[in-house]
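Structure record follows, encoded as C-alpha cells.
Number of protein chains: 2
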Amino acid sequence: MAVRALFGEVALSPAETFEDVFKAVAEGTCDCGVVPIENSLTGSVHRNYDLLLEHPLWIVGEVKLRIVHHLIAMPGVRLEEVRRAYSHPQALEQCRAFLRERGIEPVSVYDTAGAVRLLKERGLKDAAAIASAQAARDYGMEVLVSDIAEHRENFTRFLAIGREPARDLHDPKTSIVFALKNIPGALFRALSVFALRDIDLMKIESRPIRGKPWQYMFYLDFDGGMDEERCRRAVDHLSEIATFLRMLGSYDKGKEVEDRPYLREPL
Amino acid sequence: MAVRALFGEVALSPAETFEDVFKAVAEGTCDCGVVPIENSLTGSVHRNYDLLLEHPLWIVGEVKLRIVHHLIAMPGVRLEEVRRAYSHPQALEQCRAFLRERGIEPVSVYDTAGAVRLLKERGLKDAAAIASAQAARDYGMEVLVSDIAEHRENFTRFLAIGREPARDLHDPKTSIVFALKNIPGALFRALSVFALRDIDLMKIESRPIRGKPWQYMFYLDFDGGMDEERCRRAVDHLSEIATFLRMLGSYDKGKEVEDRPYLREPL
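Put into C-alpha cells, the structure is as follows:
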C-alpha cells in the first residue's frame, strides 16, 4: 500500500526483514525500498532508525498510511456467531472496546493478515480476524464490520530509501542524525542552531550508541530542505558542535492516505 | 537479579506482563515493582515509558545490570559436539561472531531461559543455549564457555516503582514527563530551563500522544534531586512552558552490577 502510494504501478519485490530491504537497495537489486518508521499510536520502529545509520543510503520520500482495522470472517458468518477474534496483539488492543461490548474473546497471533489466513485454512465459522480490507480481499473473506478501532487517528509513516538524494522538491523536510559530547547543555546548544533560525523541529528520536552505555545518537526531522540557505547554515552550525553528523536526506513531506485495497493509481 | 540488587532478600512476586507489575504496586499487592526501562545496546523499553504515564506511581530507585551471555549445554557435552545454539534473537545477534567462528548454527526461540529448558526437556547432546548463569543453575546445566558476547558493555537499566516518593537520597537524578505546544522552538525553550541552570540532562525520550498524530510526550532524566532549589526552579520554569508536566520521581542513581547467580546480599 505504501509503495503504491509513493511510486504507483512499479514492480514489487517483497523482503523478509527490514535489513533485507536496505540490502536490496544498497546492492542495486531494487531502485528504492519502503520501510515503516513510526506509528502514531505505538511509536517509532527503532530497528529502522538503526538501519538508516548502518547503510549509506538516502531518505527520498515519505507517506502516512491510515491503518483501518476491520472485523473479517468467512463468507456467510454473522456477527452474533463470532466468539473469538484473532489478530496481532496491537490490533486486538486497539479494538478492545469493540470486542468487550460484544463479548468476543481476543486471541493473539503473529500478524493481522496471518489471522485471516488462519480462519480460512481452519474453516472457522465461530471466529473472526482483525485485519485490513486488503487481507480480506486477498483471502476471499468478508468484512463483517468496518473500522472498529477505538482511535481513528492511527497512521503508520513509511520512508522511501534510495541510493541518490531526492530532487525537485516542493514542500520538503530534512532528516539528520548526530552525536554530541557528553557535557551539560550539549543538546540545548544543538537545538539552538534551529531555534535561532526559526526552523521547526518535527521529531527527535534518541538511540543508544553501541559500546558507549548511556550515550545516544539523535535523529532529527526539521521543516525545510537543504536547498534553503537557512537550513544549510543551521546544519553547518550544528557540525561545529556535533562529534558526528550525517545527512539522511531532504524529501517531500508525506501525505496522509487511506488504507484501501487494490489501489491502482499513485496518490 | 535486579530486585535482589535493589532490595536484597525480599519476598518475590513474579508477574506475567509489565502492566501486571504496575497494577500490583498500584493496588497494594506489592510494596514495589521492578521493570526494565532501557538496554545499552538495543534501547528503551517503550511500553514501560507508557505505563509510567498511565499509573499514579513514583520511580523510587534504579539499577544497571550487566547482561552476560554464556554458552550452556547438558552436563558432559563438549564444545566441539555443539552444532546448534538456541536463544532469543537479540542474544544470538550479540554472540554472532562467536557462533560463526565455531560453525554453530543460531536457532531463535522465545526467551533465553526457555532455550536452556528446551535443551533439558529434549535431552539434546548436539546443541547449546545462550543464556545467563542463573538459567544454567536453575536447570542443572553446565556453562561451556563464559561471556561470549561481542560487546561486553551490555547493561539493562531497571527502575523500581512505588506508591510514595523515595526519601533520604544521596546522589539523586530526577525523571519528568511533559508535553509542549506544537510551535517552532518549543523543545529548545523547554531545555533552556535546565541549560540556564547548568543542570545536566541524562536522557530524553519521545513517545507519541494517542489521538494526536505526530505530537509527542517527552520523558527527561536530569542530574539532581527535587530537594535542590535549582532543580525545583527549573521544573517550575518548565511548568510555565509545558502544556502538561508530571514529576515521575527523584531517586538515587543506579550502580552497575554484575549478573551473578544466587546473589544473597544487596549490592
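Here the protein sequences come in this chain order: A and B. Sequential numbering of the first sequence, starting at 1, is according to my numbering. Sequential numbering of the second sequence, starting at 268, is according to my numbering. Even glycine gets a Cβ: it sits at the ideal position worked out from N, Cα and C.
9 Å Cβ cutoff, A:LEU187 in contact with chain B: yes
Chain-ordered chain B contacts of A:ILE204 [CB-CB under 9 Å]: LEU454, ILE471, SER473, TYR483, PHE485
Within chain A, partners of B:ALA396 - CB distance below 7 Å: Neighbours of B:ALA396 on chain A: none; closest Cβ ~23 Å, over 7 Å.
Exposure of B:PHE511, with buried meaning 16 or more beta-carbon neighbours within 10 Å: exposed
Using only alpha-carbon positions, find the residue among B:GLU283, B:MET268, B:ASP519, B:ALA278 that is nearest to B:PRO439. B:ASP519
Contacts that B:GLU420 makes with chain A (C-beta to C-beta distance below 9 Å): Going along chain A in sequence order, the residues near B:GLU420 (Cβ under 9 Å) are ARG210, GLY211, LYS212, PRO213.
The beta strand (DSSP E) enclosing B:ASN315, as first and last residue numbers: That residue, B:ASN315, is in no beta strand (DSSP E); its alpha helix (DSSP H) goes 313-321.
Presumed contact (8 Å Cβ cut-off) between B:ILE546 and B:VAL374, rounded CB distance: What the structure shows of chain B is the stretch from 268 to 534, and residue 546 of chain B is not part of that stretch, so it cannot be assessed.
Please state whether DSSP places B:ALA382 in a helix, a strand or coil. B:ALA382 falls in the helix class under three-state DSSP.
Check whether the stretch 148-165 of chain A and the stretch 87-103 of chain A touch, using three or more Cβ-Cβ pairs below 8 Å as the test. yes
With which residues is B:PRO373 paired in a DSSP beta bridge? DSSP, once it has assigned bridges, lists B:ALA352 as partnering B:PRO373.
From B:ALA453 to B:ILE471, what distance separates their C-alpha atoms? 15 Å
Counting C-beta neighbours from all protein chains within 10 Å, is the total for B:GLU532 16 or more, i.e. buried, or is it exposed? Annotation note: pLDDT 39 at B:GLU532 (below 50); position unreliable, no value reported.
According to DSSP, A:PHE218 sits in a beta bridge with which residue or residues? DSSP, once it has assigned bridges, lists A:PHE178, A:SER206 as partnering A:PHE218.
Could you pull out every residue in the same chain whose Cβ sits closer than 6 Å to the Cβ of B:LEU530, ignoring the five residues on either side in sequence? Because B:LEU530 sits at a pLDDT of 41, beneath the cut-off of 50, its placement in the model cannot be relied upon, and the point is left open.
Please list, in chain order, the chain A residues whose beta carbon lies closer than 9 Å to that of B:PRO535. Any question about residue 535 of chain B goes unanswered here, given that chain B covers just 268 to 534.
Closer than 7 Å at the beta carbon, the chain A residues around B:HIS313: GLY43
Who are the near neighbours of B:ILE304 in its chain, counting only those whose CB is closer than 6 Å to its CB and skipping five residues on each side? VAL312, ASN315, ARG424, LEU426
Tell me whether the beta-carbon of A:ALA195 lies closer than 9 Å to the beta-carbon of A:ILE241. No, Cβ-Cβ distance for A:ALA195 and A:ILE241 is not below 9 Å.
Only counting the same chain, and skipping five residues up and downstream in sequence, which positions put a Cβ closer than 7 Å to that of B:ASP467? PHE489, ASP490
So if DSSP puts A:ASP236 in a beta bridge, which residue, or which two residues, is it bridged to? According to DSSP, which records beta bridges pairwise, A:ASP236 is partnered with nothing at all.
For the stretch 268-332 of chain B, list the alpha helix (DSSP H) runs that are entirely contained and at least 4 residues long, ordered along the chain. 269-274, 285-293, 313-321
Would you mind sorting B:GLY535 into buried or exposed? The rule is 16 or more other CB atoms within 10 Å of its CB. This structure cannot speak to residue 535 of chain B, because chain B is shown only from 268 to 534.
Considering only DSSP beta bridges, list what B:ALA398 is partnered with. B:HIS337
For B:TYR483 and A:LEU118, the rounded distance between their alpha carbons: 36 Å
Enumerate in chain order the residues of its own chain whose CB-to-CB distance from A:ARG230 is below 6 Å, with the five nearest sequence positions on each side excluded. ARG197
Collapsed DSSP secondary structure at A:ARG163 in the structure displayed: coil
Which residues in chain A have a C-beta closer than 7 Å to the C-beta of B:LEU543? List them in chain order. What is shown of chain B runs 268 to 534, which leaves residue 543 of chain B out entirely.
Measuring CB to CB, does A:ILE59 end up less than 9 Å from A:ALA166? yes
Should the stretch 136-146 of chain A be called in touch with the stretch 6-22 of chain A, which here means at least 3 C-beta pairs below 8 Å? Short answer: they don't touch.
Alpha helix (DSSP H) containing B:SER459: first to last residue? Its alpha helix (DSSP H) spans residues 453-462.
What does a CB cutoff of less than 8 Å around B:ASP378 pick up in its chain, not counting 5 residues either side in sequence? HIS355
Local Cβ density within 10 Å of B:ASN421, reported as buried at 16 or more and exposed below that: buried
By the 9 Å beta-carbon criterion, what residues does the stretch 86-113 of chain A contribute toward chain B? none
Contact list for A:SER40 against chain B, beta-carbon separation under 7 Å: PRO475, PRO480, TRP481
Counting only the same chain and skipping the five closest in sequence on each side, list residues whose C-beta sits under 8 Å from that of B:ASN306. Excluding positions up to five away in sequence, the list reads VAL312, ILE334, ASN421, PHE422, THR423, ARG424.
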